[in-house]
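Visitor: Residues in the sequence shown are numbered from 11 upward in steps of one, following our numbering.
Ideal Cβ placement from N, Cα and C applies to all residues, glycine included.
Below is a structure I'd like to ask you about.
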Amino acid sequence: MTDPNPTPATELDVDHVRAQFPAIATTDGPEPWIHLENAGGSHLPRHVIDLTTSYLSHHRVQPNAPAGPARTAGDLMERGLAAAAATFDADRTGRTDRDGDVGDVHIGPSTSQNTYVLAQAIAATLRPGDGIVVTNQDHEANIGAWRRLADRGATIRQWSVDSDRGLLDPADLEALVDDRTRVICVTHASNLAATINPIAEVAEVAGAVGAMLVVDGVSWAPHAAIDVADLGCDVYLYSTYKTYGPHQGLMWTRAGLADELTNQGHWFNARRSLARLTPAGPDHASVAAIAGMVDYYDELFRHHFGSTEPAKLRRWQRIARVYDLVATHEERLMTPLLDFLTGRGVRIVGSTSTSRAERAPTIAFDPGPVGGAAVVEALAGAGIGVGHGHFYARRLVDAIGITDPEGIVRISAVHYNTVDEIERTIEALDRVL
Ligand SMILES: Cc1ncc(COP(=O)(O)O)c(C=O)c1O
11 MTDPNPTPAT ELDVDHVRAQ FPAIATTDGP EPWIHLENAG GSHLPRHVID LTTSYLSHHR
71 VQPNAPAGPA RTAGDLMERG LAAAAATFDA DRTGRTDRDG DVGDVHIGPS TSQNTYVLAQ
131 AIAATLRPGD GIVVTNQDHE ANIGAWRRLA DRGATIRQWS VDSDRGLLDP ADLEALVDDR
191 TRVICVTHAS NLAATINPIA EVAEVAGAVG AMLVVDGVSW APHAAIDVAD LGCDVYLYST
251 YKTYGPHQGL MWTRAGLADE LTNQGHWFNA RRSLARLTPA GPDHASVAAI AGMVDYYDEL
311 FRHHFGSTEP AKLRRWQRIA RVYDLVATHE ERLMTPLLDF LTGRGVRIVG STSTSRAERA
371 PTIAFDPGPV GGAAVVEALA GAGIGVGHGH FYARRLVDAI GITDPEGIVR ISAVHYNTVD
431 EIERTIEALD RVL
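Take a look at the structure:
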């Protein structure tokens, strides 16, 4: 275990961060591979890997027997569930662990599957003409499942981006809602435009007409502590394989919501709120391994604040302290990259602001005549992993008029990336663009 710092940290210790990730530690050689496709999936810290290995090695039995490995398996899964809830600062009525960190968090195999199940749970309660608002900025995961409800009588209305930067204007939303609007679906920050949408403002619009607000936080959760109470949404989803955890989707629902919707689980589990929106049995090892994600955050908290903040903070507060440091570091990463690209006249999707208060360090741009494949290939040749295409946000790419099938290029950093890596990426881009 690392000694805590003697004074409050003001900067993220990136070397310490990187030491937690075997994938980085083992490729940090003379020719390191720079992972800048984090919006597609992040590396795993050793905490998650160790928990997965240990669960699969010793506890892969039907959990929750009174003793033995099955008892431990159940305990490990409970720990994972509580950790998942802690990341939302959620309170689960009647079910609290020692830290008081539990809540209505449903664990499914992916966010796409969670929105699909949620849409089915709402479908049976729709009356003909009930409205559903979707955007054309979202990943298809928070659009397609909702659009399909047109077959069940819903009226689908689209909150559209501007055709230049692909941004949503909250002023356009009010005209799309009325007292028949049942659901509003929007991304916290698009996986391409990366610009933070004003969720609290949208929640007010939703609240005024009694609509349910479903927020896709998949692209934002790797960069910030998620405060669902502050956001005022009804549902918040993210995928842990992008937040340094196992391949799962987490769906927080406001207290009582799961019981109001149609049960999607087995009939005999209908009284168990957490079984109603997760029809399949979960991957037990992955549920347990979610605890490793929060152990990792705690590792960073201890390292940076361990000796200066001994007072008992809730787990979410510890996570939030860590993400404050992450924010400053991520701003440092995206600033030179955005400055370089805008300086070269490259068209950026979303805001060109370099402020982390406005956007995530995911930078998608139109590569122009060079083409996405050539840029990705050139960067790969320099040991840098990025991607090109539509990234399942096909409607957004179409809306901003990108017609080249090679699509746009996306460079997505997280807190374990370094300024040096970004500088090398800029050098490689300078050669190819
Ligand atoms: C913004 C966003 N939402 C939803 C998803 C879908 O997540 P999942 O792969 O867990 O279904 C993704 C995946 O890339 C995403 O980037």
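Would G393 and K252 be called neighbours here (beta carbons separated by less than 8 Å)?
Guide: Translated into positions along the sequence shown, residue 393 becomes position 383. Translated into positions along the sequence shown, residue 252 becomes position 242. Going by C-beta atoms, G393 is not nearer than 8 Å to K252.
Visitor: Does the beta-carbon of E7 have 16 or more other beta-carbons within 10 angstroms, so that it is buried, or is it exposed?
Guide: Summary: the structure shown does not reach residue 7, with the chain confined to residues 11 through 443, and so no result is reported for it.
Visitor: Pairs of beta-carbons, one from the stretch 206-222 and one from the stretch 77-84, closer than 8 Å: are there three or more?
Guide: Result no; under three Cβ-Cβ pairs closer than 8 Å.
Visitor: Any idea what DSSP makes of A367, helix, strand or coil?
Guide: Reading the sequence shown from its first residue, position 357 is the one you call residue 367. Reduced to three states, the DSSP call for A367 is coil.
Visitor: Output needed for I166: all residues of its chain with C-beta closer than 6 Å, excluding positions within five of it in sequence on either side, in chain order.
Guide: Counting from one through the sequence shown, the residue named residue 166 turns up at place 156. The residues are I142, R157, A160.
Visitor: Given a cut-off of 8 Å on the beta-carbon distance, is the pair N152 and V224 in contact?
Guide: Along the sequence shown, read from residue 1 onward, the residue named residue 152 stands at position 142. Along the sequence shown, read from residue 1 onward, the residue named residue 224 stands at position 214. Yes, the Cβ-Cβ distance between N152 and V224 is below 8 Å.
Visitor: Rank G227, V442, R192 by C-alpha distance to the C-alpha of I209 and give the top, closest one.
Guide: As a position in the sequence shown, residue 209 is number 199, starting the count at 1. Closest by alpha carbon: G227.
Visitor: Do you know whose CA, among T82, H425, L177, G176, lies nearest Q30's CA?
Guide: Translated into the one-based positions of the sequence shown, residue 30 becomes position 20. For Q30, the nearest C-alpha among the options comes from H425.
Visitor: Whose CA, out of C195, R366, E341, I373, lies closest to the CA of V356?
Guide: As a working note, residue 356 is residue 346 in the sequence shown. Comparing Cα positions, the closest option is I373.
Visitor: Relative to ligand 1, is the shortest distance from any of its heavy atoms to the C-beta of H149 smaller than 7 Å?
Guide: Here the question's residue 149 lines up with position 139 in the sequence shown. Yes, since a heavy atom of ligand 1 falls inside the 7 Å radius drawn around the Cβ of H149.
Visitor: Is the CB-CB distance between A299 and Y65 below 8 Å?
Guide: Working through the sequence shown from its first residue, we reach residue 299 at position 289. Working through the sequence shown from its first residue, we reach residue 65 at position 55. In contact: A299 and Y65 (Cβ atoms closer than 8 Å).
Visitor: Mapping DSSP to helix, strand and coil, what is S64?
Guide: Along the sequence shown, read from residue 1 onward, the residue named residue 64 stands at position 54. Reduced to three states, the DSSP call for S64 is helix.
Visitor: Give me the Cα-Cα distance between A93 and S365, rounded to the nearest whole angstrom.
Guide: Position 83 of the sequence shown, counted from the first residue, corresponds to residue 93. Position 355 of the sequence shown, counted from the first residue, corresponds to residue 365. Straight-line Cα distance between these residues: approximately 29 Å.
Visitor: Can you have a look at V419 and say buried or exposed, based on whether 16 or more other CB atoms are within 10 angstroms of its CB?
Guide: By one-based count along the sequence shown, residue 419 stands at place 409. Per the 10 Å Cβ criterion, buried.
Visitor: If contact is defined by three or more beta carbon pairs under 8 Å, each pair taking one atom from either stretch, is the stretch 300-307 in contact with the stretch 271-285?
Guide: Flag = no, the stretch 271-285 and the stretch 300-307 do not touch.
Visitor: So, under 8 Å CB-CB, R192 and G139 are touching, yes? Tell me the CB distance rounded to an integer number of Å.
Guide: Counting from one through the sequence shown, the residue named residue 192 turns up at place 182. Counting from one through the sequence shown, the residue named residue 139 turns up at place 129. Not confirmed; about 10 Å, so no contact.
Visitor: Under the DSSP definition of a beta bridge, which residues are partnered with V357?
Guide: Residue mapping note: residue 357 aligns to position 347 of the sequence shown, counting from 1. It is worth fixing the name first, because residue 357 is Arg in this sequence and not Val. DSSP lists D376 as partners of R357.
Visitor: Kindly identify the DSSP beta-bridge partner or partners of C195.
Guide: Within the sequence shown, residue 195 is the residue found at index 185, counting from 1. Paired residue(s): V224.
Visitor: Going by DSSP in three states, R167 sits in which element: helix, strand or coil?
Guide: Position 157 of the sequence shown, counted from the start, is the residue given in the question as residue 167. If DSSP states are grouped into helix, strand and coil, R167 belongs with the strands.
Visitor: Tell me the residue span of the alpha helix (DSSP H) that contains H314.
Guide: Taking the first residue of the sequence shown as position 1, residue 314 is located at position 304. It spans 294-315 - the alpha helix (DSSP H) in which H314 sits, taken as one unbroken run.
Visitor: Is the Cβ-Cβ distance between N124 and L247 less than 8 Å?
Guide: Position 114 of the sequence shown, counting from 1, holds the residue named residue 124. Position 237 of the sequence shown, counting from 1, holds the residue named residue 247. Yes, Cβ-Cβ distance for N124 and L247 is below 8 Å.
Visitor: Between which two residues does the alpha helix (DSSP H) holding V115 run?
Guide: The residue labelled residue 115 in the question sits at position 105 within the sequence shown. Careful: V115 lies outside any alpha helix (DSSP H), inside the beta strand (DSSP E) at 115-118.
Visitor: How long is the line joining the alpha carbons of G492 and L136, rounded to whole angstroms?
Guide: In this structure the chain extends from 11 to 443, so residue 492 is not present and cannot be described.
Visitor: Alpha carbons only, please: which of L323, R369, H313, L351 is nearest the one belonging to D440?
Guide: Translated into the one-based positions of the sequence shown, residue 440 becomes position 430. Selected option, being the one with the closest Cα: L351.
Visitor: Check whether the Cβ atoms of D244 and T263 sit closer than 8 Å, and answer yes or no.
Guide: Locating residue 244 in the sequence shown gives position 234, counting from the first residue. Locating residue 263 in the sequence shown gives position 253, counting from the first residue. Yes, these two residues count as a Cβ contact at 8 Å.
Visitor: Which residues in the same chain as L267 place their Cβ atom closer than 8 Å to its Cβ, once the five residues preceding and following it in sequence are excluded?
Guide: Here residue 267 corresponds to residue number 257 of the sequence shown, with the count starting at 1. Contacts found: D114, M222, D244, V245.
Visitor: Taking 8 Å as the cut-off, decide whether the C-beta atoms of L177 and S361 are in contact.
Guide: Position 167 of the sequence shown, counted from the first residue, corresponds to residue 177. Position 351 of the sequence shown, counted from the first residue, corresponds to residue 361. Yes. Within cutoff.
Visitor: Would you say R405 faces chain D, with C-beta separation under 8 Å as the test?
Guide: No chain D is present in this structure, which holds just one protein chain.
Visitor: For D174, does the count of other Cβ atoms within 10 angstroms reach 16, so buried, or fall short, so exposed?
Guide: For this step, residue 174 is matched to residue 164 along the sequence shown. Looking at its Cβ environment, which holds fewer than 16 other Cβ atoms inside 10 Å, D174 is exposed.
Visitor: Using DSSP bridges, identify the partner residues of V385.
Guide: The count along the sequence shown starts at 1 and reaches residue 385 at position 375. Answer is none; V385 lacks a bridge partner.
Visitor: With distances taken between CB atoms, is the gap from G255 to V58 smaller than 8 Å?
Guide: Position 245 of the sequence shown holds residue 255. Position 48 of the sequence shown holds residue 58. In contact: G255 and V58 (Cβ atoms closer than 8 Å).
Visitor: How far does the alpha helix (DSSP H) with G399 in it extend, from its first residue to its last?
Guide: Counting from 1 along the sequence shown, the entry for residue 399 is found at position 389. Here G399 belongs to no alpha helix (DSSP H); instead the beta strand (DSSP E) covers 397-399.
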